[in-house]
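Trainee:
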Amino acid sequence: MSYYFLRRRSLRITTTTFSSFLSKLVGNLSDSPSPTLFSCRHLSHALPFFSSTWLSRDAYSHGLLSPTQARFWASQPAAAEHSTSDGLTIQGILAKNWPILDENDSDWKSHASAIAQSIHLIKRRLQWKKLKVRLDMLSAQLNKEDLWDDPVRAGKINREHGSLLGKMKEVNGLERELLDDIEMIKLAREENDSELELESMKALLNMRVNAKEKELEALLADEQDSRSCYIEVQAGAGGTESMDWASMIMQMYKSWAQRRGYKVTVMEEMPGEIAGIKRATIKVDGEFAFGYAKAEIGVHRLVRISPFDSNKRRHTSFAAVAVIPNLGDESSSVQINESDLRIERFRASGAGGQHVNTTESAVKITHIPTGVTATCQNERSQHQNKASAMAVLQSRLNQIEMARQAQLNAQHTQSLTDITWGSQIRSYVLHPYRMVKDLRTNYEVSDPDSVLEGDLDGFIMSYLSASLDKNEDDA
Amino acid sequence: MKLTLTNHNFSTLLNSSFINLTRPFCSLSLSSSLSSSTSIKPQVPIFLRPPIYSTKLNDLKKWHNWAKNIAFSIGSSFVQSDNGPDSTILCRELKWFIEDVVENHHSLFSQVGDDNEKVKMRADIEELYCLWKQRIEERKPFQYIVGCEHWKDLVLSVQEGVLIPRPETELIVDLVSDVVSKNEGLKRGVWADLGTGSGALAIGIGRVLGDGGKVIGSDLSPVAVAVAGYNVQRYSLQDKIELREGSWLEPLKDMEGKLAGLVSNPPYIPSKEIPVLQAEVGKHEPRVALDGGIDGMDALLHLCDGADLMLKPGGFFAFETNGEKQCRELVDYMKSNKSASLCNLEIFADFAGIQRFVIGFHR
Chain L
171 MSYYFLRRRS
181 LRITTTTFSS
191 FLSKLVGNLS
201 DSPSPTLFSC
211 RHLSHALPFF
221 SSTWLSRDAY
231 SHGLLSPTQA
241 RFWASQPAAA
251 EHSTSDGLTI
261 QGILAKNWPI
271 LDENDSDWKS
281 HASAIAQSIH
291 LIKRRLQWKK
301 LKVRLDMLSA
311 QLNKEDLWDD
321 PVRAGKINRE
331 HGSLLGKMKE
341 VNGLERELLD
351 DIEMIKLARE
361 ENDSELELES
371 MKALLNMRVN
381 AKEKELEALL
391 ADEQDSRSCY
401 IEVQAGAGGT
411 ESMDWASMIM
421 QMYKSWAQRR
431 GYKVTVMEEM
441 PGEIAGIKRA
451 TIKVDGEFAF
461 GYAKAEIGVH
471 RLVRISPFDS
481 NKRRHTSFAA
491 VAVIPNLGDE
501 SSSVQINESD
511 LRIERFRASG
521 AGGQHVNTTE
531 SAVKITHIPT
541 GVTATCQNER
551 SQHQNKASAM
561 AVLQSRLNQI
571 EMARQAQLNA
581 QHTQSLTDIT
591 WGSQIRSYVL
601 HPYRMVKDLR
611 TNYEVSDPDS
621 VLEGDLDGFI
631 MSYLSASLDK
641 NEDDA
Chain R
2 MKLTLTNHNF
12 STLLNSSFIN
22 LTRPFCSLSL
32 SSSLSSSTSI
42 KPQVPIFLRP
52 PIYSTKLNDL
62 KKWHNWAKNI
72 AFSIGSSFVQ
82 SDNGPDSTIL
92 CRELKWFIED
102 VVENHHSLFS
112 QVGDDNEKVK
122 MRADIEELYC
132 LWKQRIEERK
142 PFQYIVGCEH
152 WKDLVLSVQE
162 GVLIPRPETE
172 LIVDLVSDVV
182 SKNEGLKRGV
192 WADLGTGSGA
202 LAIGIGRVLG
212 DGGKVIGSDL
222 SPVAVAVAGY
232 NVQRYSLQDK
242 IELREGSWLE
252 PLKDMEGKLA
262 GLVSNPPYIP
272 SKEIPVLQAE
282 VGKHEPRVAL
292 DGGIDGMDAL
302 LHLCDGADLM
312 LKPGGFFAFE
322 TNGEKQCREL
332 VDYMKSNKSA
342 SLCNLEIFAD
352 FAGIQRFVIG
362 FHR
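Residue numbers (our numbering), protein chains in the order written: chain L, 171 to 645; chain R, 2 to 364.
#1: Which residues in chain R sit within 7 angstroms of GLU530(L), going by Cβ to Cβ distance?
#2: Who pairs with ASP220(R) in a beta bridge, going by DSSP?
#3: My output table needs one value for HIS285(R): the three-state DSSP class, helix, strand or coil.
#4: Which chain L residues are close to HIS151(R), counting only those with a beta carbon under 8 angstroms from its beta carbon?
#5: Between ASN490(L) and VAL469(L), is the Cβ-Cβ spacing less than 8 angstroms?
#6: Quick one: list the residues of chain R neighbouring GLY456(L), beta-carbon separation under 8 angstroms, in chain order.
#7: Is LEU268(L) helix, strand or coil by DSSP?
#8: Please classify LYS336(R): is it buried, with 16 or more other beta-carbons within 10 angstroms of its beta-carbon, or exposed?
#9: With a threshold of 8 angstroms between beta carbons, is GLY442(L) in contact with chain R?
#10: Could you have a look at PRO495(L) and say whether DSSP puts it in helix, strand or coil?
#11: Does the distance from the C-beta atom of GLU281(R) to that of ARG189(R) stay below 8 angstroms?
#12: In this structure, does DSSP put GLN547(L) in helix, strand or coil?
#13: Which residues mark the beginning and the end of the alpha helix (DSSP H) in which GLN404(L) is found?
#14: With a threshold of 8 angstroms between beta carbons, is PRO287(R) in contact with chain L?
#15: Where does THR89(R) fall in DSSP's three states?
#16: What first and last residue would you give for the alpha helix (DSSP H) that runs through HIS290(L)?
#17: Note down the Cα distance separating GLU94(R) from ILE630(L), rounded to an integer number of angstroms.
#18: What first and last residue would you give for the beta strand (DSSP E) that runs through ASN266(R)?
#19: Is DSSP giving PHE516(L) helix, strand or coil here?
#20: State the Cα-Cα distance for the pair GLY198(R) and GLY361(R), rounded to the nearest angstrom.
#21: Quick check on ASP194(R): buried or exposed, where buried means 16 or more other Cβ atoms within 10 Å of its Cβ?
#22: Who are the neighbours of VAL526(L) on chain R, taking C-beta pairs under 8 angstroms?
#23: Using a C-beta cutoff of 8 angstroms, does GLY446(L) count as contacting chain R?
#24: Measuring CA to CA, which of GLU571(L), GLY456(L), ILE447(L) is closest to ILE506(L)?
#25: Helix, strand or coil, according to DSSP, for PRO168(R) in the structure here?
#26: Just to make sure I have the definition right: I need the residues of chain L whose C-beta is within less than 9 angstroms of the C-beta of TRP370(R). Which are they?
#27: If the cut is a Cβ gap below 9 angstroms, which residues of chain R does LEU409(L) touch?
#28: Which term fits ASP154(R), buried or exposed, when burial requires 16 or more other beta carbons within 10 angstroms of its beta carbon?
#29: Using a Cβ-Cβ cut-off of 8 angstroms, state whether ILE513(L) counts as contacting chain R.
#30: Should VAL277(R) be labelled buried (16 or more other beta-carbon atoms within 10 Å of its own) or exposed?
#31: Between GLY211(R) and the rest of its own chain, which residues show a CB-CB distance below 8 angstroms, the 5 nearest in sequence each way excluded?
#32: Does any C-beta atom of chain R lie closer than 8 angstroms to the C-beta of ALA686(L)?
#33: At 7 angstroms on the CB atoms, spell out the chain R contacts of VAL533(L), in chain order.
#34: With DSSP as the reference, label ARG449(L) as helix, strand or coil.
#35: Could you tell me the alpha carbon to alpha carbon distance between ILE285(L) and LYS382(L), rounded to whole angstroms?
#36: Quick check: the Cα distance between GLY230(R) and VAL103(R), rounded to an integer number of angstroms?
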């Protein structure tokens, strides 16, 4: 394990013990002037009783203390913005506009600038101000005495509070860590300690990579984003050509999911008479599958010379894509009454029973009150097909319920169209020129093949950041 | 050897729980089943064999393409001749075949791999050619090719000589599950599955019974008893399921009036229909498990007597039939001949909407 991680780890442990210890002491501490220790005035204010021999630089480097951390203990609650001993804040770093160089350039200002940018983006994506307001509101509700009169609601509030608090703490942690590292580098320079400087630089670089990842994760901050999902593709009007297009789109998602390391399972597939598919559903298992895939909801348009047209004419066809989060067995999911279901053998023919040997045991489940159906045929037993179809049905009903609730909630009416099949979102032109263009973001690439082979992340990321920015503007 | 141990454990267990019975539970039939079934060694399904074979990815791809082309060439010709499988179904079977044979099948064809890369397999590539030929040319059922059938949430070993459990039959377990969930006495009682074949119903029911609940599975065929024993052991139900070799009620003489439940998927196809069955069924599955006599009712009528004789008061029974006609005839027979003992008769449809099961209780 690297020195850096050792330092970080032990830092956390010391924080809690020391802070409780200090909080008792802080009140009694005299503000006696003492020699400035390691360019950290705040710390020295708080800890005048530590002898300078004990609190040597080793105490920092071995993780016993961190300058800014120590300052926070002294000034609980930390309401003010974090800053280094010489007053540098995150906002300050941003304002300085230090050029961001390549990661391999060992320039702390460049790293710091990049990290500050990431933190800024993360805050924006989390809708920081709103988040704070919401958190305060939830805290207030949690403190109410009658909270647990409605345990379901209480659980919900508690969960959301925990999740928001976690996010806030994470960002605060990032900010603090950045300032700590900067402080450390400055300290190392003052003391001409090249070893410590190297270590601190490494820590900063590490943090830069980490913050970049967090920045992407912050794109996926919605409640359902981390879920697995189902992707459904349905061919538009236009016969074989659009059925072929639907299967191309489905292939694109399968490849995309595999590239991301998600597990793909075909739940149902209705093949076209000549080629392609009429409709198909796949299950994509993995973290944030829904968060990413939801960017694909809508109608996808293809323009090309149809290989199915003997006159070699140019055709335009459409395929619709729906993405449904898989909520799993949660209490929030819609209750289904067994008596509301009609379960049928999907392709039953003949006498059945002992007369027939078949490996086809797909079932179709109809939820009679809503008319919603689900089929699964990829499993090897009827029982498993039924279980999988039930899972699909459950997700579809949940989706409908979510849409209904969103409709009730006026501020969400905007997202309603996103939930249903939606409108045209992307155009894939193979002839007379070659281009894929997203109509929502104007993001485009000139290599349709790579896109159809699953290279979708550019489209997805640009859509996700654009829609967040849009929300921000609306707010 | 293993089977010996199994049965022994079971009988001691049962003996202790039925200590007040006048006759030691099943000691006679036990020894008779041991002698014949231990001599038959059941085949191991492909997916359970060790991955000791190694093939170049390229060679596997070649085989896959060959097999796929054959599957496609079939089109709907089997469907037209005897309602057999079409290309789509054969292609899916091919996919499952690879799942069973190849150790790391998940990443097999998706990645841009080196064609010379070695792939670990549970069967030799030559065997794969041979097996797929049998599937297509001889119409050997896919389940016999891979040696297993996925049934409910179980994977059951099957081989020639044993009926492949049908998806319809899964429903009997659901029916039993419903009944025992409402009746603790039945949940802890002794059940019987007559003509158990691969042991599907016995195992399915064994898993829904509670503590103390037992299942006796019987079959005339020593191969079936051996295969069922293998499956029982795979699901570690040796203490709950006992297998006995013999025809219908004969190995259950000690259980008269004691059974909590009786289930069966007996042969019910009328004899004259046997020659025109789908090739997979007619040419490969054991006739003794299919042929139900002139009108297909021979075994079913015998089972009615069984239900009358074997079930304890309140005991439950469920039988699979050929369809609506047999269901009605069976219910009529029970109403006119067994109304003193059997009651609450009901007909149940399968998921294809065909009236398939007759269920009821002993008064």
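Every residue, glycine too, gets a C-beta built ideally from N, C-alpha and C. Bear in mind the structure is a predicted one, so any value in this text is a computation, not a measurement.
Mentor: This is what the structure gives:
#1: Translated into positions along the first sequence, residue 530(L) becomes position 360. What GLU530(L) touches in chain R: ILE90.
#2: Residue mapping note: residue 220(R) aligns to position 219 of the second sequence, counting from 1. Beta-bridge pairing links ASP220(R) to GLU246(R).
#3: Your numbering for residue 285(R) matches position 284 in the second sequence. Coil.
#4: Position 150 of the second sequence, counted from the start, is the residue given in the question as residue 151(R). Per Cβ cutoff of 8 angstroms: GLU549, ARG550, SER551, GLN554.
#5: To locate residue 490(L), count along the first sequence from 1; it is residue 320. To locate residue 469(L), count along the first sequence from 1; it is residue 299. Per the sequence shown, residue 490(L) should be read as Ala rather than Asn. Taking 8 angstroms as the Cβ cut-off, ALA490(L) and VAL469(L) qualify as a contacting pair.
#6: Looking up residue 456(L) in the first sequence gives position 286. The contacting residues do not exist; GLY456(L) stays about 13 angstroms from chain R at best.
#7: As a working note, residue 268(L) is residue 98 in the first sequence. Per the sequence presented here, residue 268(L) reads as Trp, with Leu not at that position. Coil.
#8: Numbered from 1 along the second sequence, position 335 holds the residue referred to as residue 336(R). Per the 10 Å Cβ criterion, exposed.
#9: As a working note, residue 442(L) is residue 272 in the first sequence. No, no contact with chain R.
#10: Position 325 of the first sequence, counted from the start, is the residue given in the question as residue 495(L). Note: PRO495(L) maps to strand in three-state DSSP.
#11: Against the second sequence, residue 281(R) aligns to sequence position 280. Against the second sequence, residue 189(R) aligns to sequence position 188. No. Outside cutoff.
#12: Locating residue 547(L) in the first sequence gives position 377, where the first residue counts as 1. GLN547(L) falls in the coil class under three-state DSSP.
#13: Reading the first sequence from its first residue, position 234 is the one you call residue 404(L). Per DSSP, GLN404(L) belongs to no alpha helix (DSSP H); it is in the beta strand (DSSP E), 398-405.
#14: As a position in the second sequence, residue 287(R) is number 286, starting the count at 1. Judged by the 8 angstroms Cβ criterion, PRO287(R) is not in contact with chain L.
#15: Residue numbering aside, residue 89(R) sits at position 88 when the second sequence is read from its first letter. Correct three-state label for THR89(R): helix.
#16: Numbered from its first residue, the first sequence carries residue 290(L) at position 120. Its alpha helix (DSSP H) spans residues 278-295.
#17: Here residue 94(R) refers to the residue found at position 93 of the second sequence. Here residue 630(L) refers to the residue found at position 460 of the first sequence. Whole-angstrom Cα-Cα distance: 35 angstroms.
#18: Taking the first residue of the second sequence as position 1, residue 266(R) is located at position 265. That residue, ASN266(R), is in no beta strand (DSSP E); it is neither H nor E in DSSP.
#19: Mapped onto the first sequence, residue 516(L) falls at position 346. It is coil, neither helix nor strand.
#20: Against the second sequence, residue 198(R) aligns to sequence position 197. Against the second sequence, residue 361(R) aligns to sequence position 360. Those two C-alpha atoms are separated by around 23 angstroms.
#21: Walking along the second sequence from the start, residue 194(R) turns up at place 193. So ASP194(R) ends up on the buried side.
#22: Stepping through the first sequence from its first residue, residue 526(L) is reached at position 356. Chain R residues near VAL526(L): ASN84, ARG167, GLN279, VAL282.
#23: Here residue 446(L) corresponds to residue number 276 of the first sequence, with the count starting at 1. Not closer than 8 angstroms to any Cβ of chain R, the Cβ of GLY446(L) fails to qualify, so no.
#24: Against the first sequence, residue 506(L) aligns to sequence position 336. Selected option, being the one with the closest Cα: GLU571(L).
#25: On the second sequence, position 167 is the one that residue 168(R) refers to. Residue state, collapsed to three classes: helix.
#26: No answer is possible for residue 370(R): it lies beyond the span of chain R, which begins at 2 and ends at 364.
#27: In the first sequence, counting from the first residue as 1, residue 409(L) sits at position 239. Note that residue 409(L) corresponds to Gly in the displayed sequence, not to Leu. Per Cβ cutoff of 9 angstroms: no residues; GLY409(L) is ~20 angstroms from chain R at best.
#28: By 1-based counting over the second sequence, the position of residue 154(R) is 153. ASP154(R) comes out exposed.
#29: For this step, residue 513(L) is matched to residue 343 along the first sequence. Yes, ILE513(L) lies at the interface with chain R (some Cβ there is under 8 angstroms from its Cβ).
#30: For the purposes of this step, residue 277(R) is taken as the residue at position 276 of the second sequence. With fewer than 16 Cβ atoms within 10 Å of its Cβ, VAL277(R) is classed as exposed.
#31: To locate residue 211(R), count along the second sequence from 1; it is residue 210. Only VAL181, GLU185, LYS188, ARG189 meet the Cβ criterion.
#32: In the structure as shown, chain L begins at 171 and stops at 645. Residue 686(L) is therefore absent and cannot be evaluated.
#33: The residue labelled residue 533(L) in the question sits at position 363 within the first sequence. Within 7 angstroms Cβ-Cβ: PHE352.
#34: Here the question's residue 449(L) lines up with position 279 in the first sequence. It is a strand residue.
#35: The residue you call residue 285(L) lines up with position 115 of the first sequence. The residue you call residue 382(L) lines up with position 212 of the first sequence. When rounded, the distance between both Cα atoms is 8 angstroms.
#36: If you number the second sequence from 1, residue 230(R) lands on position 229. If you number the second sequence from 1, residue 103(R) lands on position 102. In a straight line, the C-alpha of GLY230(R) is about 27 angstroms away from that of VAL103(R).
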